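This report refers to the structure that appears directly beneath it.
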Amino acid sequence: MKSLRLVTKQFAKYLLVGGLSNSLAYGLYILITLVGVSPIVGMSIVYVSASVTSFTANRGWTFQSDASLSGSALRYIISQTLGYGTNLVILSWLYYVLGVPHQAAQLVGIGVVAVELFLLNRYYVFS
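Sequential numbering from 14 applies to the sequence shown in the numbering used here.
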C-alpha cells in the first residue's frame with residue numbers, strides 16, 4: 014500500500030510539472046504554427062525545449078531521485094527520444110494521414126506521451 018501511495022504522489026507531482034510545462038509548450042506550438050511553421054517542425058522545437066526544462070523538476074521534486082546525474086541524464090535523453098518518436102508518429106498519422114486538425118492531433122500526442130514518459134521516468138530514468 015505504501016508503494017501505491019508513493020506512485021500516486023509522484024504521478025500527481027508529475028501531472029503538475031507536466032501540466033505547467035505542456036501548457037506553455039502547447040501555447041508556443043500554436044504560436045509557432047500560426048506564423049507558418051509546419052506542425053512537425055513546431056512540435057520538434059517545442060518538444061526539445063519542454064524536455065530540457067522538465068528534467069530538473071522531475072528529477073529533484075517529482076521523483077526525488079538520488080541516482081547519478083550523468084546516468085539519469087543519459088536515460089532521460091533516451092526516454093525523451095522515445096517520447097519524441099511517439100509524438101511524431103501520432104501527429105503525423107492523425108494530421109497527415111487522417112486529416113485531424115494538427116492542434117487536436119498534438120493534444121492527443123501530448124496526452125499519450127505524458128503517460129509513456131511517466132512510466133519511463135518512474136521505472137527507468139530516476140529509479
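A virtual CB, placed ideally from N, CA and C, is assigned to each residue, including glycine.
Every value quoted in this text rests on a predicted model; they were computed, and no experiment measured them.
Considering Cα atoms alone, identify which of the options is closest to residue i.
i          : options           : result
residue 29 : 121, 127 and 132  : 127
residue 88 : 72, 53 and 55     : 72
residue 60 : 46, 96 and 111    : 96
residue 19 : 76, 58, 55 and 42 : 76
residue 38 : 133, 116 and 135  : 116
Return the chain-ordered list of same chain residues with a C-beta closer than 7 Å to the C-beta of residue i, the five sequence neighbours on each side being excluded.
i           : result
residue 118 : 103, 104, 107 and 108
residue 137 : 88 and 92
residue 131 : 24 and 27
residue 34  : 63, 66 and 67
Helix, strand or coil, according to DSSP, for residue i in the structure here?
i           : result
residue 96  : helix
residue 110 : helix
residue 85  : helix
Keeping to the same chain, check which residues put their C-beta closer than 6 Å to that of residue i; ignore five residues upstream and five downstream.
i          : result
residue 31 : 127
residue 70 : 30
Extract the residue ranges of the beta strand (DSSP E) inside the segment 30 to 79, only unbroken runs of 3 or more that lie entirely within it. Secondary structure in the segment 30 to 79: no beta strand (DSSP E) run of 3 residues or longer lies completely within the stretch.
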